[in-house]
Amino acid sequence: MGKKGDQYEVFVEMGRDTNGEMDAKIKKKKKVKKKEMLEGMKKEMEIDDHELTIEELEMKYSTSTTKGMSSTLAAQVLERDGANELKPPKGTPEYVKFARQLAGGLQCLMWVAAVICFIAFGIQFAQEDLTSYDNLYLAITLIAVVVVTGCFGYYQEFKSTNIIASFKNLVPQKATVFRDGQKSQINANQLVVGDLVEIKGGDRVPADVRIITAQGCKVDNSSLTGESEPQSKGPECTHENPLETRNIAFFSTTCLEGIATGIIINTGDRTIIGRIASLASGVGNEKTPIAIEIEHFVDIIAGLAIFFGATFFVVAMVIGYQFLKAMIFFMAIVVAYVPEGLLATVTVCLSLTAKRLAKKNCVVKNLEAVETLGSTSVICSDKTGTLTQNRMTVSHLWFDNHIHSADTTEDQSGQSFDQSSETWRALGRVAGLCNRAVFKPGQEEIPIPKREVIGDASETALLKFTELTIGNVIDYRGRFKKICEVPFNSTNKFQLSIHELEDPLDLRYLLVMKGAPERILERCSTIMIKGQELPLDEQWKEAFQTAYMDLGSLGERVLGFCHIFMNEKEYPRGYNFDTDEMNFPTSGLCFAGLISMIDPPRATVPDAVMKCRTAGIRVIMVTGDHPITAKAIAANVGIISEGSETVEDIATRLRIPVEQVNRGDARACVINGGQLKDMTSDELDDALRAHPEMVFARTSPQQKLIIVESCQRLGSIVAVTGDGVNDSPALKKADIGIAMGIAGSDAAKNAADMILLDDNFASIVTGVEQGRLIFDNLKKSIAYTLTKNIPELTPYLIYITVSVPLPLGCITILFIELATDIFPSVSLAYEKAESDIMHLKPRNPKRDRLVNEALAVYSYFQIGAIQSFAGFTDYFTAMAQEGWLPLLCVGLRSQWENPHNQEVQDSYGQEWTYSQRLYQEYTCYTVFFVSIEICQISDVLIRKTRRLSVFQQGFFRNKVLVTAIVFQLLLGNFLCYCPGMPNIFNFMPIRVQWWFVPVPFGILIFVYDEIRKLGVRRHPGSWWDKELYY
Amino acid sequence: MAALKEKRTCAQRCEDFGYFVWNPDTKQLLGRTLDKWVYISLYYVAFYIVMSGLFVLALYVLLSTLSPYTPTYRDRLQSPGVVMRPNTYGDEGLLIVYEVNKPDSYTPLIHTLQNYLTPYNRTEQHAHYENEHCNGNKYFTQNEPKDPEQKLLSCPFYRSSLGKCSGMDNSTFGYPDGQPCIIIKMNRVSMDLPPLVNVYFLFFKQKGEPKNLHNIEYFPPNGTFDLHYFPYYGKIAQPSYMNPLVAVKFNSLEKNKLLKIECRVVADKISADNIHDPYEGKVEFEIEIKNGTAVNK
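These protein sequences, in sequence, are chains A and B. FYI, the numbering for the first sequence is 1 to 1030, going by this note's numbering. FYI, the numbering for the second sequence is 10001 to 10297, going by this note's numbering.
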């Protein structure tokens, strides 16, 4: 890190004056905008306001540090700069969103088919050759299908956007501002550059503010940088980097305590946070893996449909059909081949899973993201708030020469330490008394760890800790009346207070002190061990050092505690303690112990990380916090597993320089932002490859983005979790961004695809499981849906080539696709996993496709073929039993379809009118339909599993599937036997026995697939497995 | 996912495809090695042979259950269709238009009738002999044959029974006189027909109420089909079966006017009311006879 080397490289415009120019530039180069943005981010930020003197500032912003701006000027500036608020990212217009739903690959194909239908209808109409309105109906149905599916998709999208909108209802914030020398409260969005504002503990910083005066002001920067420690702010410029300097407070951070005044230097989108937010919106949304999969296979389907259509168009022309007829064939083949219901099925399956996830507190914004989690191979997790509780908590105590662990679980379910020691009573007393933090009133009902506290993070932690261990601290403090206190300051680094004792007869005063451990130790001459005061000799000092180091290496913040009972003779009642003079002992004290604090991991996290590991998912920690803390938490939650060492650890263990360590030996690696800045992307890739366990600390938002990109370059599907604004670019860049619902900022929620309502990392594991399950189940659904395309297609092919009367009409096909088969294919989404999917590696997005060759070939050319044979058997049965023997059917087409021939002879010499033949054709449609239905029942049963036997999976375990089959049969019966159907939808009431003709074929499908699965199970890796397992 | 959506040039894509077609490293052709192709092909050949076998077996079983003489069901043939000659079609259906003094306009119609009646010549039907059943007006029931060689008898229908419309005396069928003949046939279906099968004509004056036509002649008289032509035992059992016919001569049709005429077959079990089938139990046609004077007007 150079002098100007910063962990934070935030792209900030070059200065106010060039603002317009920049905008113009951005507009000009909109096409290369993203690249520009990302490159631009690497530029140093050029805020110089922190280096200006107060006079210069007053000049620059025409303001006054005493009176504030004039109202008129403020109004002008407001006019110029706009309101002080983050503009929501520009949404896509609604009609574009809707249009997008109508213009997918399959939809386009269906549009083409519909247009052909219209043309055919138009020509027939013009030629007054209108035998039926089928073409018109078909065109309307096709358009309806596209529009309805589009509406459905649009509705889903709309609904998820609404969830986000509901998060957004921001309460207008107030800010205290000086204008014309008057102090007033105005809405924060009315603030302008140059305004003099006052910030108090508990306020949100209303804009980027240059501090003019401050008293004990501390700001929580975690939403910006991810650091959990509060930063103190003051008027002096301490660093050249505006992000490091103490005299600038940033928009949207929270002032924890103290009071400060300052001049606003940036508002709205020009603030640092606004920059990051716009950076996030500049990062393009990645296509989800499932979208890529669906696109992949829609391309194949569309290609094949056009190929088949075109081939048979040519064949038909060669055979000698009219052009119009051939066009109608083309259209019919497209209709038969395109799985119209598939899009609806996929959408419904995904939304079912989304619903299931929502019950488990994962709200999915983008439906397709449901599956992405399942394919995820890397999770880049933010630390603060995601892995940890985002709450400083006492974790360890050192007294009686032992390190005791405190209970850090959120619900206080953990083990507590032994509290019987006298030393603990002394330590607890110091911790309770030497503490200025208090609970906010009215929180008696809330469990102690969740209560809100006024005070800084470590005092809060101590307050809660003592409240939990000792009992009512406020009461306790009341019993030890406080005489005086010296607050913490950075020069003496301690805090002390003097109290009367609880026992009214004991007239001694008690002095309690806490502070930086080494400073406290310096002031002690004795140490309390098991209630005894022992002289503090070298041996004890050594013990102290060891404990201090140990706790420090855990990434914990350590405080030392000591006390002294002051002699009642020297300091009698009414003694005038002077905190400036320090007319009381501040050395020779009795050391009570150490207490260390950390933002502890959430209880569920280690288990969840473990589960991710077994599921082959790599968890990488990316945080803005310090490397030591990050590493400690990583080790704590299992991101760095037990026994894994970093290069530095090996070096220390072997006592050799870091350079001599073989990098390959180190499983773990901690990289901080400074190192990362100097790495090329190749080096980063190498590091990611070399070390399976990675922690990135002190990273800036841009670096998070770089890490995500690097993982993606390595072929991983990356999930990013985060809550802060600083995470939002990475959330957006990730294949799936997961934001925290409670702690998460709006920017993070906006950028994310999924929101964990309970902020629980463990929910991600549920998500992964559901995602994997839905991928498997979608595969089954698609296999089921694709199968029937062949028995829908073959009738046309046979019709064109062999000229039999048409066995299956287009409208009937649409009924199969969109009515009877939808429910069963959706019901497969309810299928339980076949094996423990959480013990498998994530799928390889390049190899494990949703629809692979084996699936398509097996569905089309084996199961689909059997279904076709079943259909034709039933077709010929119905024809033969009504008088048309199979051989007569061949070549019959031209006579059969001639509307002017009323006396076509069947095999028995009977003569048929055109309408009689037409109704016989409808009978064939119905019979073919019934055959496909029966075979599809068998098909849905075999699709329950891909590897296991259906009997192992449980025949009736999926109740939805059973219901779906019953529904399918009922619907089929309704279509067949409802009066009026023949003339509306071309369904005929068929003879009951024709329902049973395809049953043997259904059984054949079932048995054949069981044999296939048996072979796949018995001989994994064999030829059979490779060719027939999908 | 970066790997999946890398922008690749066309050349790279072509190269990839080339590798897919023939991968020299693994010796794979279209994704499979040659022996794998042989295996999978053999598997599919076997699969389709078995499936075709099953299909043929299914058809064989099906055919063996069928009677060669009568169809198993007559679901679509509840009522027989009715057809007529001449059968020229206009835009909306049967249409007969001719001009009395232009022989060219009606010669094709006469030819149709002549050709249609040729099989009904006595010489054509000499092989069938009349028997006693063919005289009375009652059903000619026979037992179904035991074997395909055995043929059943059928009654002949001679064109002479069509009288003036037989085309034997007057080969013009009355067309030049403006008194055309048409011939009505009922489609044969294998079913028992009801006791009386009668043909009668309704006359539609465009969209008005139907009213009966006057001054028409039926041949055979009363326009009935004799019962001894029924039942029909099918093509195999009764190869020599001839459909009985009814001819109608319109003696006083209004000239120069398009008339819509419906001809119904009337019998107890024959329905002529199926709105979806204009030829079931009835036949509708339009006729316009133009005479020269009207044309010259």
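Where a beta carbon is used, it is the ideal one built from N, C-alpha and C, also for glycine. Note that the structure is a prediction, hence the values are computed from the model and not measured.
- Just measuring C-alpha positions, the residue of A:419, A:585, A:467 sitting nearest residue 498 (chain A) is A:585.
- In the assembly as shown, residue 909 (chain A) is a buried residue. Its beta-carbon has 16 or more other beta-carbons within 10 Å.
- Under the 8 Å criterion on CB atoms, residue 10062 (chain B) is classed as interfacial with respect to chain A.
- The beta carbons of residue 10236 (chain B) and residue 10098 (chain B) sit about 40 Å from each other, so the pair does not count as a contact at 8 Å.
- Going by DSSP, residue 266 (chain A) is part of the beta strand (DSSP E) stretching over 254-266.
- Spatial neighbours of residue 838 (chain A) in its own chain (CB-CB distance under 7 Å, excluding positions within 5 residues in sequence) are listed in chain order as 611, 614, 615, 769.
- By the Cβ-count criterion, residue 59 (chain A) is exposed, with fewer than 16 other Cβ atoms from all chains shown falling within 10 Å of its own Cβ.
- Distance from the Cα of residue 986 (chain A) is smallest, within the candidate group B:10287, B:10280, B:10276, B:10119, for B:10276.
- In the pairwise beta carbon analysis, the segment 99-118 of chain A is classified as not touching the segment 78-87 of chain A: fewer than three pairs are separated by under 8 Å.
- Counting other Cβ atoms within 10 Å of its Cβ, residue 677 (chain A) reaches 16 or more and is therefore classed as buried.
- Between residue 479 (chain A) and residue 568 (chain A), the C-beta gap is not smaller than 8 Å, which leaves the two residues out of contact.
- Nearest C-alpha to residue 596 (chain A) among A:523, A:570, A:713, A:457: A:457.
- Taking the Cα positions, residue 564 (chain A) is about 11 Å away from residue 525 (chain A).
- Following the DSSP letters along the chain, one finds residue 100 (chain A) in no beta strand (DSSP E) but inside the alpha helix (DSSP H) bounded by residues 94-101.
- With a threshold of 8 Å between beta carbons, residue 1023 (chain A) makes contact with chain B.
- Contact annotation for residue 896 (chain A) against chain B: no contact, minimum CB-CB distance about 13 Å [criterion: below 7 Å].
- Contacts with chain A (Cβ-Cβ distance below 9 Å) from the segment 10042-10054 of chain B involve 10043, 10044, 10047, 10048, 10051, 10052, 10054, listed in chain order.
- Residue burial is scored here from C-beta neighbours: residue 733 (chain A) has at least 16 other C-beta atoms within 10 angstroms and is therefore classed as buried.
- Counted as a single uninterrupted DSSP element, the beta strand (DSSP E) harbouring residue 208 (chain A) occupies residues 208-220.
- In terms of Cβ geometry, residue 500 (chain A) and residue 483 (chain A) form a close pair [threshold 8 Å].
- When secondary structure is reduced to three states using DSSP, residue 593 (chain A) falls in the strand class.
- In this model, residue 566 (chain A) and residue 472 (chain A) are separated by some 26 Å (Cα to Cα).
- In this structure, residue 211 (chain A) sits away from residue 387 (chain A), with a CB-CB distance that is not shorter than 8 Å.
- Approximately 5 Å separates the beta-carbon atoms of residue 290 (chain A) and residue 368 (chain A); this is inside 8 Å, confirming the contact.
- Below the 8 Å Cβ cutoff, chain B contributes no neighbours of residue 443 (chain A), its closest Cβ being approximately 47 Å away.
- Burial is judged here by how many other beta carbons sit within 10 angstroms of a residue's own beta carbon; residue 145 (chain A) has at least 16 and is buried.
- From the listed residues A:138, A:94, A:101, the smallest Cα separation to residue 984 (chain A) is found for A:138.
- Annotation: Cβ neighbours of residue 10190 (chain B) in chain A (cutoff 7 Å, chain order): 908, 910.
- Between residue 812 (chain A) and residue 929 (chain A), the gap from beta carbon to beta carbon is short of 8 Å.
- Counted as a single uninterrupted DSSP element, the alpha helix (DSSP H) harbouring residue 548 (chain A) occupies residues 538-553.
- Nearest C-alpha to residue 572 (chain A) among A:545, A:549, A:506, A:541: A:506.
- Per DSSP, the beta bridge partners of residue 510 (chain A) are A:499, A:565.
- Approximately 13 Å separates the beta-carbon atoms of residue 923 (chain A) and residue 997 (chain A); this is outside 8 Å, ruling out the contact.
- Among the CB atoms of chain A, none fall inside 8 Å of the CB of residue 10265 (chain B).
- At least 8 Å separates the CB of residue 10111 (chain B) from every CB of chain A.
- Rounded to whole angstroms, residue 415 (chain A) and residue 462 (chain A) show a C-alpha spacing of 18 Å.
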